[in-house]
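Shown next, in C-alpha coordinates, is the structure this report addresses.
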Amino acid sequence: MMRAQNPDVVYNQNNGTLAVWPTHTGRLAQFEKRTKGDEERSWVFADAHPFIDDDGYERIDHITRGVVCGTLAEGYAFLDQCRELGFTVQSGGGFVPFSNSQRRHATDATGKPMSDYPETELRLMRWDLPTQADLEMARMA
(Lines of atoms letter the chains of each structure in order from A; the text may use other names.)
(Lines give C-alpha, C1' and ligand atoms only; values in the text may rest on other atoms or scores of the structure.)
Protein backbone atom coordinates (compact mmCIF):
# COMPACT_ATOMS: atom_id res chain seq x y z
CA MET A 14 0.00 0.00 0.00
CA MET A 15 1.38 3.39 -0.97
CA ARG A 16 1.66 6.00 1.76
CA ALA A 17 0.17 9.45 1.46
CA GLN A 18 2.74 12.09 0.55
CA ASN A 19 1.14 14.68 2.84
CA PRO A 20 -1.15 12.79 5.24
CA ASP A 21 -3.61 14.49 7.56
CA VAL A 22 -2.50 12.43 10.56
CA VAL A 23 0.73 10.66 11.49
CA TYR A 24 1.19 8.26 14.38
CA ASN A 25 3.81 6.08 15.98
CA GLN A 26 3.81 3.45 18.70
CA ASN A 27 6.66 2.59 21.04
CA ASN A 28 6.72 0.61 24.30
CA GLY A 29 2.93 0.49 24.41
CA THR A 30 2.57 4.24 23.96
CA LEU A 31 0.65 5.52 20.95
CA ALA A 32 1.22 9.11 19.89
CA VAL A 33 -0.87 10.79 17.19
CA TRP A 34 -0.10 14.11 15.51
CA PRO A 35 -1.92 16.19 12.93
CA THR A 36 0.49 17.11 10.14
CA HIS A 37 0.90 20.86 9.97
CA THR A 38 -0.13 20.85 6.29
CA GLY A 39 -3.08 18.49 6.74
CA ARG A 40 -6.80 19.12 7.19
CA LEU A 41 -6.60 18.35 10.92
CA ALA A 42 -3.79 20.81 11.61
CA GLN A 43 -5.65 22.78 14.27
CA PHE A 44 -8.82 22.45 16.28
CA GLU A 45 -10.51 25.23 18.17
CA LYS A 46 -8.93 25.73 21.57
CA ARG A 47 -10.85 24.22 24.46
CA THR A 48 -10.37 24.85 28.14
CA LYS A 49 -10.10 21.98 30.61
CA GLY A 50 -9.70 23.10 34.18
CA ASP A 51 -6.96 25.69 34.21
CA GLU A 52 -5.30 24.48 31.03
CA GLU A 53 -6.13 25.64 27.55
CA ARG A 54 -5.87 22.80 25.09
CA SER A 55 -5.95 22.45 21.35
CA TRP A 56 -4.52 19.99 18.89
CA VAL A 57 -1.91 22.04 17.07
CA PHE A 58 1.77 22.00 16.21
CA ALA A 59 3.75 24.73 17.91
CA ASP A 60 7.35 23.54 17.97
CA ALA A 61 7.36 20.87 15.30
CA HIS A 62 10.47 20.08 13.32
CA PRO A 63 9.28 18.64 10.02
CA PHE A 64 11.72 17.15 7.55
CA ILE A 65 11.56 15.09 4.36
CA ASP A 66 13.02 11.59 4.62
CA ASP A 67 15.02 9.74 1.96
CA ASP A 68 11.81 8.40 0.40
CA GLY A 69 10.31 11.87 0.06
CA TYR A 70 7.85 11.50 2.95
CA GLU A 71 7.34 14.20 5.53
CA ARG A 72 8.35 13.24 9.06
CA ILE A 73 7.99 15.04 12.36
CA ASP A 74 10.69 14.92 15.03
CA HIS A 75 10.78 16.33 18.56
CA ILE A 76 7.39 17.94 18.99
CA THR A 77 7.11 19.88 22.22
CA ARG A 78 3.46 20.91 21.94
CA GLY A 79 0.29 19.46 20.57
CA VAL A 80 0.79 15.73 20.64
CA VAL A 81 -2.34 13.70 21.27
CA CYS A 82 -2.27 10.45 23.18
CA GLY A 83 -4.55 8.02 24.93
CA THR A 84 -4.75 4.29 25.53
CA LEU A 85 -3.82 2.06 22.62
CA ALA A 86 -7.45 1.06 22.15
CA GLU A 87 -8.61 4.70 22.15
CA GLY A 88 -5.83 5.75 19.82
CA TYR A 89 -6.41 3.04 17.25
CA ALA A 90 -10.18 3.56 17.39
CA PHE A 91 -9.53 7.25 16.74
CA LEU A 92 -7.28 6.45 13.77
CA ASP A 93 -9.97 4.14 12.35
CA GLN A 94 -12.49 6.94 12.79
CA CYS A 95 -10.20 9.34 10.91
CA ARG A 96 -9.92 6.87 8.02
CA GLU A 97 -13.68 6.33 7.91
CA LEU A 98 -14.18 10.09 7.61
CA GLY A 99 -11.76 10.28 4.69
CA PHE A 100 -8.64 11.62 6.41
CA THR A 101 -5.30 10.15 5.37
CA VAL A 102 -3.35 8.41 8.13
CA GLN A 103 0.32 7.41 8.06
CA SER A 104 2.26 5.31 10.55
CA GLY A 105 5.84 5.86 11.60
CA GLY A 106 5.64 9.60 11.12
CA GLY A 107 6.95 10.83 14.45
CA PHE A 108 9.15 10.27 17.46
CA VAL A 109 7.25 9.10 20.56
CA PRO A 110 8.78 11.40 23.18
CA PHE A 111 7.48 9.77 26.33
CA SER A 112 8.06 6.09 25.55
CA ASN A 113 11.66 6.33 26.68
CA SER A 114 13.44 3.83 24.47
CA GLN A 115 14.47 5.68 21.33
CA ARG A 116 16.84 8.24 22.79
CA ARG A 117 17.59 7.07 26.35
CA HIS A 118 17.38 4.04 28.59
CA ALA A 119 13.92 3.25 29.90
CA THR A 120 14.71 4.00 33.56
CA ASP A 121 17.30 5.94 35.53
CA ALA A 122 19.46 4.55 38.34
CA THR A 123 16.55 4.79 40.80
CA GLY A 124 14.17 2.96 38.48
CA LYS A 125 12.22 6.10 37.57
CA PRO A 126 11.10 6.22 33.91
CA MET A 127 13.10 8.66 31.84
CA SER A 128 12.20 10.76 28.83
CA ASP A 129 13.90 13.17 26.48
CA TYR A 130 11.65 15.92 27.80
CA PRO A 131 11.18 17.30 31.32
CA GLU A 132 7.98 16.39 33.14
CA THR A 133 6.56 19.88 32.53
CA GLU A 134 6.79 19.29 28.78
CA LEU A 135 5.31 15.80 29.07
CA ARG A 136 2.33 17.21 30.98
CA LEU A 137 1.66 19.56 28.08
CA MET A 138 1.83 16.66 25.65
CA ARG A 139 -0.79 14.46 27.28
CA TRP A 140 -3.80 15.97 25.63
CA ASP A 141 -7.14 14.46 24.81
CA LEU A 142 -8.06 12.85 21.55
CA PRO A 143 -10.37 15.00 19.42
CA THR A 144 -14.03 14.05 19.59
CA GLN A 145 -16.28 12.91 16.76
CA ALA A 146 -17.71 16.45 16.64
CA ASP A 147 -14.18 17.86 16.30
CA LEU A 148 -13.48 15.57 13.37
CA GLU A 149 -16.76 16.40 11.66
CA MET A 150 -16.05 20.11 12.06
CA ALA A 151 -12.54 19.72 10.61
CA ARG A 152 -13.89 17.72 7.67
CA MET A 153 -16.32 20.50 6.80
CA ALA A 154 -13.71 23.28 7.08
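For the sequence shown, the positions run 14 to 154 when our numbering is used. Idealized CB from N, CA, C, for every residue including glycine. What you are looking at is a predicted structure, and each value in this text was computed from that prediction instead of being measured.
Using only CA atoms, which one of the options lies nearest to residue i?
{"i": "Glu97", "options": "Gly39, Tyr24, Leu148 and Asn25", "result": "Leu148"}
{"i": "Asn19", "options": "Val33, Thr101 and Ala86", "result": "Thr101"}
{"i": "Gln26", "options": "Leu41, Arg40 and Leu92", "result": "Leu92"}
{"i": "Met150", "options": "Ala90, Gln103, Glu87 and Leu41", "result": "Leu41"}
{"i": "Trp34", "options": "Arg152, Thr123 and Gln103", "result": "Gln103"}
Let's test the definition: count the other Cβ atoms within 10 Å of the Cβ of residue i and tell me whether it reaches 16, buried, or not, exposed.
{"i": "Gln145", "result": "exposed"}
{"i": "Gly105", "result": "exposed"}
{"i": "Asp68", "result": "exposed"}
{"i": "Gly99", "result": "exposed"}
{"i": "Ala86", "result": "exposed"}
In the DSSP assignment, what are the bridge partners of residue i?
{"i": "Gln94", "result": "None, per the DSSP bridge assignment."}
{"i": "Gln103", "result": "Val23"}
Under the assumption that residue i contacts residue j (Cβ atoms under 8 Å), give the Cβ distance between them as a whole number of angstroms.
{"i": "Thr38", "j": "Val22", "result": "In fact, because the Cβ distance is near 12 Å, the residues do not count as touching under 8 Å."}
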